[in-house]
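Just below is one structure, and these are the notes that go with it.
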Amino acid sequence: MFFLVRHAAHELVDRVLCGRMAGVKLGEEGRAQARRVAQRLARERISAIHTSPLERAQETAAPIAEQLDLTPEIHEAISEIDVGEWEGRDFGSLQNDPHWTSWNNVRGVTRPPSGETMLEVQARVVGHMERVRGSHADQAVVLVSHGDVIKAALLYCLGMPIEGYRLFDISPASVSTLVIGDWGAKVLSMNEVPA
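Under the working numbering, the residue at position 34 of the sequence shown is numbered 50, and the numbers go up by one with no gaps.
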């Protein structure tokens, strides 16, 4: 079983395309959200926590790890999508860029300048989950990652095309639960935001 956790809120959420930008840390609201996620996951039997290397993900993973008495493992395979030259730009400045429009309309076949496609993101996150499944058979693992990465994993498990990413949201500090086995995959819940 996997618990896919999107990192908690930071001050730039919904304003700046952070990508893999260094120094993006949780604000006060985000730290409170991370504690609520930790409380929510405390009732689960979890054997490992994997986190993206980015600060906002590691800061979200920390209270979960403390609550469960586990040490988070950092994995590049669940890092944020590489948005290349768009990293750090505010969303308003991208609105008139035709390449931005194309990328948001057909992410399966377009990429940010010097970045990666959603299909490449999907391949790395699903590959990581398959490796984890092999080493943690019949155990639950938390993956603390990013919205588009989680969407890519869920779309794969749902058997939906990558363009389906527009059909649902993955909120900051949300938990999506899924099971993967030799028989296939099943999404048990999506975008659960602990109160």
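Note that beta-carbon positions come from the ideal geometry of N, C-alpha and C, so glycine has one too.
If you check the beta carbons only, do residue i and residue j fall under 7 Å apart?
| i | j | result |
| --- | --- | --- |
| Gly124 | Val99 | no |
| Glu101 | Gly35 | no |
| Arg72 | Pro210 | no |
| Ile196 | Arg147 | no |
Beta strand (DSSP E) containing residue i: first to last residue?
| i | result |
| --- | --- |
| Ala156 | 156-161 |
| Ala64 | 62-67 |
What are the partner residues of residue i, as DSSP defines its beta bridges?
| i | result |
| --- | --- |
| Ala201 | Ile196 |
| His26 | Leu42 |
| Leu174 | Leu174 is not bridged to any residue. |
Roughly how many whole angstroms lie between the Cα atoms of residue i and residue j?
| i | j | result |
| --- | --- | --- |
| Asp113 | Arg105 | 12 Å |
| Gly175 | Thr76 | 29 Å |
| Glu179 | Arg31 | 23 Å |
| Val191 | Gly143 | 20 Å |
| Arg127 | Met134 | 8 Å |
| Pro129 | Arg182 | 21 Å |
Grab the span of the alpha helix (DSSP H) containing residue i for me, first residue to last.
| i | result |
| --- | --- |
| Trp116 | 114-121 |
| Pro128 | Pro128 -> no alpha helix (DSSP H), and no H or E assigned at all. |
| Ile80 | 71-84 |
| Val141 | 134-151 |
### Query
On the three-pair Cβ rule with 8 Å, is the segment 58-74 touching the segment 18-36?
yes
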